[in-house]
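Written out below as structure tokens is the structure these notes cover.
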Amino acid sequence: MTDVPATLHLTVHHPRPGLAIATVAGDMDTRTADTLRREASGIIEQGCPHLVLDLAQVGFCDSAGLSALIGLWHATQALGGALGLADVPDRLMRMLVLTGVDAVLPVHANAAEALTTMTHGPSTSTAAHGSITHPSAGDGSGEPTGV
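With the first letter of the sequence shown counted as 1, position 8 gets the number 8 in UniProt numbering; the numbers rise by one all the way through.
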């Protein structure tokens, strides 16, 4: 069996202070979730508590990738910010809906819509205001709870 290299790249744009748009390219899975978590957390910790992840170039996402998104949501919330998802591929959107995470993580048609919503208040985002428990802090099943 051939090992496939774990690649995930974030390209970051800062449209205004305190807000970043990160385009994620690659797979969000067991091999790359730590990279996603580390790089996006670095953006948040460097003064951008409002973060939009443009996921149009994500080919695959497993539970580790989903867990990373939930962890990033918690990180932005802890700093009074927000995490928004943009250009979510159909396969990933189905995963968000099936797990109920779409009820908490705002999903936008594109980064421009996310930017408008995050700077001018809520609009047509699909997420309701709610809470989510990180899988590591949940009921031990590894599944998100409290949605």
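Built from N, CA and C at the ideal position, the CB exists for glycine as well.
What you are looking at is a predicted structure, and each value in this text was computed from that prediction instead of being measured.
Under the DSSP assignment, Arg16 falls in the beta strand (DSSP E) whose first and last residues are Leu8 to Arg16. With respect to the 8 Å criterion, Leu98 and Leu83 are not classified as neighbours on the basis of their beta carbons.
A residue is called buried when at least 16 other Cβ atoms come within 10 angstroms of its Cβ; Pro49 meets this threshold and is buried.
According to the DSSP secondary-structure assignment, Asp54 is paired through a beta bridge with Thr23 and Ala86.
Per DSSP, reduced to three states, the secondary structure at Val107 is strand. In this structure, the CA atom of Thr35 is about 24 Å from the CA atom of Leu115. The criterion of a C-beta distance shorter than 8 Å is satisfied by Ala86 and Val52.
Comparing alpha-carbon positions, the option among Pro17, Val12 and Thr7 lying closest to Thr32 turns out to be Thr7.
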